[in-house]
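Student: Here it is, the structure in full.
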Amino acid sequence: MRIAIASDHCGYELKKYLKLLLKKDKHTVVDFGTNSSKSCDYPQFAFSLASAVAKGEVDRGILICATGIGMSITANKVKGIRAALCFSPEIARLSREHNNSNILVLAGMLIEKGLNERICKIWLKSDFLGERHSRRLKQIEEFEASDA
């Protein structure tokens, strides 16, 4: 699977760690930055990654900032993106099964590294269930298309 990953300065160390794990699990990793722990603005990284996911240039994306809130808000501004801020493996699984999330957002400063790793692994292994959930996603897509 082609996985895009990006972070701000607060998520940089976790991003480096997850990149190694993703590569070890045979994923192709596309890094959208940042490339240091020097203070930076997260929207540029979230928009770049979310646009790549929306265009189908990568299969899924992972965004990391201090709380995950800023990255979530930013990524979800891009049409076709369903970014889910996940604080537990169960939420990560449900975000895929029920919402077909295509971007996982992690809180780099609030959740310890091992738990973030488990969240990421569950999210990558989980699949969309379809059925009644497809009907709901179609409603979201129709709203996006209406430019309301």
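Heads up, this note's numbering is the position in the sequence shown plus 904, with the first residue counted as 1. We put the beta carbon where it would ideally sit given N, CA and C, even for glycine. As the structure is a prediction and not an experimental result, all values here were calculated from the model.
Ignoring anything shorter than 3 residues, give me the beta strand (DSSP E) runs that lie fully in the stretch 1000-1049, in order along the chain.
Tutor: 1007-1011
Student: I need the boundaries of the beta strand (DSSP E) containing Ile966, first residue and last residue.
Tutor: By 1-based counting over the sequence shown, the position of residue 966 is 62. It spans 964-969 - the beta strand (DSSP E) in which Ile966 sits, taken as one unbroken run.
Student: Which value, in whole angstroms, describes the spacing of the CA atoms of Leu1028 and Asp1051?
Tutor: Taking the first residue of the sequence shown as 1, we reach residue 1028 at position 124. Taking the first residue of the sequence shown as 1, we reach residue 1051 at position 147. Whole-angstrom Cα-Cα distance: 31 Å.
Student: May I ask you to list the residues that DSSP assigns as paired with Asp935?
Tutor: Counting from one through the sequence shown, the residue named residue 935 turns up at place 31. BP columns for Asp935 point to Ile909.
Student: To the nearest angstrom, how far is it from the Cα of Ser952 to the Cα of Arg1036?
Tutor: Here the question's residue 952 lines up with position 48 in the sequence shown. Here the question's residue 1036 lines up with position 132 in the sequence shown. Taking the straight line from one Cα to the other gives about 31 Å.
Student: Would you say Ile1007 and Leu967 are within 8 Å of each other, going by their C-beta atoms?
Tutor: For the purposes of this step, residue 1007 is taken as residue 103 along the sequence shown, with counting starting at 1. For the purposes of this step, residue 967 is taken as residue 63 along the sequence shown, with counting starting at 1. Contact: yes.
Student: Taking 8 Å as the threshold (C-beta atoms), are Arg964 and Val934 in contact?
Tutor: For the purposes of this step, residue 934 is identified with residue 30 of the sequence shown, where counting begins at 1. For the purposes of this step, residue 964 is identified with residue 60 of the sequence shown, where counting begins at 1. One thing to note: Val934 has its Cβ no nearer than 8 Å to the Cβ of Arg964.
Student: Give the DSSP bridge partners of Trp989, in chain order.
Tutor: In the sequence shown, residue 989 corresponds to position 85, counting from 1. Looking at the sequence shown, residue 989 is not Trp but Leu. Leu989 pairs with Val1009.
Student: Spatial neighbours of Gly984 within its chain, please: C-beta separation below 6 Å, excluding the five flanking residues on both sides.
Tutor: Here residue 984 refers to the residue found at position 80 when the sequence shown is read from its first residue. Ala958, listed in sequence order.
Student: Along the alpha helix (DSSP H) that carries Val982, what are the first and last residues, could you check?
Tutor: Taking the first residue of the sequence shown as 1, we reach residue 982 at position 78. Where Val982 is concerned, there is no enclosing alpha helix (DSSP H), given that its DSSP letter is neither H nor E.
Student: Quick one: grab the DSSP three-state call for Gly960.
Tutor: Reading the sequence shown from its first residue, position 56 is the one you call residue 960. Three-state result, Gly960: coil.
Student: Would you decide whether Arg1039 is buried or exposed? Buried here means 16 or more other CB atoms lie within 10 Å of its CB.
Tutor: Stepping through the sequence shown from its first residue, residue 1039 is reached at position 135. Exposed is the call here.
Student: What did DSSP end up calling Ser941 once you bin it into helix, strand or coil?
Tutor: Position 37 of the sequence shown, counted from the start, is the residue given in the question as residue 941. Residue state, collapsed to three classes: coil.
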